[in-house]
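Notes follow the structure.
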Amino acid sequence: IIKDGPVFDELLEELELVMLEADMGSRALAAVLVALRSELIGSRLRRGADLTRVIEASLKRALRSLLSAGYWDFNATIDQMVDAGDTPVIVMMVGVNGTGKTTTTAKIAHRLKEEGKTVILAAADTFRAGAIDQLETHAERIGVRCVSSERGGDSAAIARDAVESAKARGADVVIIDTAGRMTNKINLMNELQKVHRVAQPHLVLFVGDALAGNDAVEQAVEFQRTLKFDGAVLCKLDTDAKGGAALSIAHATGRPIVLAGVGQGYDDLQQFDPDWLLQMMFE
Amino acid sequence: GLKAGIFGALSRLKGKRKLDEAEIKELAKSIRRALLEADFNVRQSKEITARLEERMVEEEPLPGVTLQTHAMNIIYTELVRLLGPPKEIRPHNQTILMVGLYGQGKTTTTAKLAEWWRRRHGVKVAVIEADVQRPGAYAQLQQLLADSPVEVYGEPENNNAEEIVRNGLAQVGNADVVIVDTAGRDRLDDELQAELERIHKVANATERFLVIDAQVGQAAGPVAAGFHELVGISGVIVTKLDGTARGGGALSAVATTGAPIVFIGEGEKVADLEKFESDRFISRLLG
Ligand SMILES: Nc1nc2c(ncn2[C@@H]2O[C@H](COP(=O)(O)OP(=O)(O)OP(=O)(O)O)[C@@H](O)[C@H]2O)c(=O)[nH]1
Ligand SMILES: Nc1nc2c(ncn2[C@@H]2O[C@H](COP(=O)(O)OP(=O)(O)OP(=O)(O)O)[C@@H](O)[C@H]2O)c(=O)[nH]1
Ligand SMILES: [Mg+2]
Ligand SMILES: [Mg+2]
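Protein chains in written order, with this note's numbering: chain S, 39 to 321; chain D, 86 to 372.
Now the structure itself:
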């Protein structure tokens, strides 16, 4: 029988450290460990079984179920919507500054185009220096249309124009790239809500940075509260980041990570795989 | 926040005049947990609490000072010690190299620094856009400094970063301060590492600043170590402190490089740059 005590505590603490060093948020981790304790304490330990292995296996199971909760297949979902004639499918990208929204917009557009879909991009970041140039260059390289205006234009108007243009042309998908913004800036979050009301997207994707520590939770919770997103994209998983932010975001919002950004190239977008992330974290 | 975590740990000291060894160990453990939750790395958390333990044993609280306040003061002074003494940059005969991970705020901060020195010191500043990876990088820097007399050098059609730096220095190298903006990179990308080595050789930078986002977590230490190994980081700039992130991870960058934080970014506009002040940073970190 697995007993509560200093031996169990120490093993749990070692695993806790591994998870914290992999950027899993403290609140999510605490919740998982509390559940782990109640699962294991008082349960039978098979003859010859190694307690460390048992605890680790249990932890991985708990983390995998956390990452798989509510999971949906991005590509399959777009396909279903297009096949059902519910076009143009409108996807909206949101997140704080510099996480990878614009690059992910281009990657998704490239992937969908390769599958034979017509995609239109909305350069709805009308604020930041070089933002329109950046997306327009991507659009040119991938070979998709980009709806944009002068810098300083109304973000919601661009989104609406792109949707109108898509309807007129019978395009399959519209992807709206929005400006990065801090969640504590009320006016910017209000602006985003306006873009959302005007564009009425089928899917909202929260784009997070795998390099983020505990702030990933703050960001995700606030975007979930003000906008409700359907899934998250975690970018820069090809860096020194261990990706623990995926667990914190899933735990805090109940929304799944659906896509992974693994580089700066158009092909560096993968369907998110919980086992792949867990392997990376436990290495 | 961190303050709540530390105060929570210290609340058990209420009414106590002296702690025994076991109590000091317990306190250190809960402070360590609070630091980790604020994105400090494991090694740093251990070092800070080791110092806390030593000083709780060696030092007596001053008369009239509670044990709680005494412990808080120790933590505060250890954080100040970690941050190190401030560094003044004289804006003359300087070539500044800006490096860092993807999307940290290097390009925006390049523009901010240029205006900071131009406005406050009336010196001639030029910037060189040596990012050949990101579409629209030159347009971004150009637009940021559209209303400024700062000279913006770039070759948007050239994909050789080292050549751009060489050509740029030949053209604007006579400025009092030249700032070279580079592409975001991670040490795991060999090609980008090699590119930075070449840029570094040509630039002959007098200062090499690591630009790091306040939201970065445990990766800050290894990332900073990588850049330090490549170019020798002489200063750290923490950006996006106007958001919800506190910059705890950035402290690992300071510890790994031994370089002080020189500026902080508090917004997207060119004017949103502040000189680093340790007590402001720490009180924000504590929340
Ligand atoms: N290595 C790597 N870099 C990435 C990834 N995703 C984005 N980037 C890089 O991160 C930087 C920022 O990406 P952007 O797409 O401009 O980010 P953003 O969220 O649109 O930024 P703002 O609009 O300014 O808020 C760029 O240099 C990208 O190339 C990724 O998955 N891996
Ligand atoms: N709120 C806020 N946003 C910032 C700050 N500094 C930079 N940003 C934003 O962060 C995003 C990324 O900034 P960039 O200057 O493009 O970052 P970068 O490091 O040059 O990115 P790459 O060149 O792609 O690696 C942009 O949206 C900037 O406006 C800051 O201090 N506060
Ligand atoms: Mg963008
Ligand atoms: Mg840049």
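C-beta: ideal position from N, C-alpha, C; glycine also.
- In the three-state scheme derived from DSSP, where H, G and I count as helix and E and B as strand, D117/S is classed as helix.
- Exclusion of Q228/D from the 6 Å shell around ligand 2 follows from its C-beta lying no nearer than that to any non-hydrogen atom of the ligand.
- Neighbours of K274/S in chain D, taken as residues whose beta carbon is under 7 Å from its own, are Y187 in chain order.
- Following the DSSP letters along the chain, one finds E214/D inside the beta strand (DSSP E) bounded by residues V210 to E214.
- Residue range V127 to E143 is occupied by the alpha helix (DSSP H) that includes R140/D, with no beta strand (DSSP E) assigned at that position.
- N135/S has its Cβ nearer than 6 Å to a heavy atom of ligand 1.
- Residues of chain D whose Cβ lies closer than 7 Å to the Cβ of E152/S do not exist; the shortest such Cβ separation is about 19 Å.
- Counting only the Cα atoms, R102/D lies some 11 Å from G149/D.
- In the three-state DSSP reduction, M318/S falls in the helix class (H, G or I).
- In terms of beta-carbon proximity, V308/D lines the interface with chain S, with at least one pair separated by less than 7 Å.
- Under the 8 Å Cβ criterion, the stretch 261-271 of chain S counts as touching the stretch 120-133 of chain S, having at least three qualifying pairs.
- A residue is called buried once 16 or more other Cβ atoms fall within 10 Å of its Cβ, and P239/S is buried on that count.
- Going by DSSP, R183/S is part of the beta strand (DSSP E) stretching over R183 to V185.
- Take the alpha-carbon of E106/D and the one of A279/S: they are about 37 Å apart.
- DSSP, reduced to helix, strand and coil, places E240/D outside both helices and strands of the structure shown, so it counts as coil.
- Counting C-beta pairs closer than 8 Å gives three or more between the stretch 249-266 of chain S and the stretch 320-334 of chain D, which meets the contact rule.
- Contact annotation for S96/S against chain D: no contact, minimum CB-CB distance about 22 Å [criterion: below 7 Å].
- Between M220/S and chain D, the shortest Cβ-Cβ separation is below 7 Å.
- Of the other Cβ atoms in all chains shown, fewer than 16 fall within 10 Å of the Cβ of E152/S; this residue is therefore exposed.
- CA-CA distance, T140/S to T329/D, rounds to 22 Å.
- A straight line joining the alpha-carbon of A255/D with that of I181/D spans about 15 Å.
- By the CB criterion at 7 Å, Q278/D and G168/S fall outside the cutoff.
- Its chain contains Q153 and A156 as the residues whose beta carbon lies nearer than 6 Å to that of L95/D, once the 5 sequence neighbours on both sides are disregarded; these appear in chain order.
- In the three-state DSSP reduction, I109/D falls in the helix class (H, G or I).
- Three or more Cβ pairs closer than 8 Å define a contact, and the stretch 161-170 of chain D falls short of that threshold against the stretch 179-199 of chain D.
- The beta carbon of M119/S sits closer than 8 Å to the beta carbons of T125, V127 and H240 from its chain, once the five residues preceding and following it are set aside; these are given in chain order.
- Burial check for S76/S: the Cβ neighbour count within 10 Å stays below 16, so the residue is exposed.
- One Cα belongs to T193/D, the other to A237/S, and the distance between them is close to 29 Å.
- When only Cα atoms are considered, R293/S and R140/D end up about 45 Å apart.
- In the three-state scheme derived from DSSP, where H, G and I count as helix and E and B as strand, I91/D is classed as helix.
- Residues of the same chain with a CB within less than 6 Å of the CB of L275/S, apart from the 5 flanking positions on each side, are A248, G281, A298 and V300 in chain order.
- At least one heavy atom of ligand 1 lies less than 6 Å from the C-beta of Y187/D.
- Segment contact: the stretch 104-117 of chain S against the stretch 309-320 of chain S, three or more CB-CB distances shorter than 8 Å; contact assigned.
- For A147/S, none of the residues of chain D pass the 9 Å Cβ criterion, the least Cβ distance being about 14 Å.
- Nearest CB-CB separation between T329/D and chain S: below the 7 Å threshold.
- Against L152/D, chain S offers no close residue; the least beta-carbon distance is about 26 Å (beta-carbon pairs closer than 7 Å).
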